[in-house]
Amino acid sequence: MRSGERIRFHGAGSFSRLLGERADVVLRDARAVRRAYRILWAKSAVVIAWTVTSYLLLLEITTTPLAVGAASLSLGLAMAGIGFCIMHDANHGAYARSRVVNRVAGHSLDVIGGSSYVWRAKHLAHHTYTNVADHDPDIDALPFARFEPSQRRRPWHRYQHVYVWLLYAVVTVRWQALTDSRSLLAGRWEGLASSGRGAGTWPGWLPAKPSSSHGRWCCRSGCTLQVMS
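Using my numbering, the first residue of the sequence shown is number 2, and each one after it goes up by one.
Here it is as structure tokens:
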């Protein structure tokens with residue numbers, strides 16, 4: 002299927018209807034929904050505390066390269082927790098009943114170096130055209146990896162189950178440096194300024210301050226470990 006070709010869907014199947022019916026049963030249980038929100042917000046508090054603690058350790062306490070590496074790794078994992086536990090649900094409109102709260106929480110991605118605007122556009126395409134080549138951005142990994150049968154096969158793809166885990170470590174850099182900017186410049190989505198906001202915010206609060214305490218090379222190594230985690 003060619004990129005830009007319009008796709009038409011012909012109604013939901015029996016599985017989709019059954020899934021929707023069962024989801025409605027759960028969502029009509031007000032007590033279960035309130036409990037789920039409390040658990041989600043408690044988990045968010047833990048993740049935020051983890052992130053702040055890791056950053057303060059990196060900024061004020063760590064003095065050796067090993068300690069800087071450990072704090073950087075902790076910070077990277079905590080930031081991933083923000084993405085999974087806060088940003089994802091908020092940009093789906095499911096973090097709270099309030100649209101304002103969802104909007105504010107969704108901007109947590111901009112704080113840690115991404116673009117909430119671009120993420121929403123890409124994620125909507127992912128859910129609309131799941132696993133459809135040239136339409137689902139989440140399976141656009143050529144030429145390094147092949148995730149759909151119609152994509153061009155390369156000799157090295159037979160080993161992608163081995164090396165793709167290493168590629169995941171740099172996927173954030175690929176999004177920021179290549180795919181997001183290229184898609185915006187090509188006119189797929191509007192809002193180029195929004196894409197740059199997160200990428201500009203993250204270096205300001207993460208690498209700049211610790212570099213004054215730990216030195217340039219230690220800072221670069223720590224930032225690399227943080228991004229790859």
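Yeah, the Cβ is synthetic: ideal placement off N, Cα and C, and Gly gets one too.
**G77, DSSP secondary structure in three states** = helix
**Request:** For the alpha helix (DSSP H) holding D111, just list the boundary residues, first then last.
**Result:** 109-112
**Asked** Can you list, in chain order, the stretches of the alpha helix (DSSP H) that have 4 or more residues and sit fully within the stretch 110-176?
**Response** 117-129, 161-169, 172-175
**Request:** If I'm right that G107 touches S117 with Cβ under 8 Å, what's the distance once you round it to whole angstroms?
**Result:** 5 Å
**Prompt:** Going straight from the alpha carbon of I113 to that of M80, what length do you get?
**Reply:** 7 Å
**Request:** For N1, count neighbouring Cβ atoms within 10 angstroms of its own Cβ and tell me buried if that reaches 16, exposed if not.
**Result:** This structure cannot speak to residue 1, because the chain is shown only from 2 to 230.
**Asked** When we look at the beta-carbon of I40 and count the other beta-carbons within 10 Å, is it buried (16 or more) or exposed?
**Response** exposed
**Message:** If you reduce the DSSP assignment to three classes, tell me which class A95 lands in.
**Reply:** coil
**Request:** Whole angstroms is fine: what's the gap from R18's alpha carbon to H11's?
**Result:** 13 Å
**Where G1 falls: helix, strand or coil (DSSP)** = The structure shown does not extend to residue 1, since the chain spans only 2 to 230, so no value can be given for it.
**Request:** Drop a sphere of 10 angstroms on the beta-carbon of Y56, count the other beta-carbons inside from all chains shown, and report buried for 16 or more, exposed for fewer.
**Result:** buried
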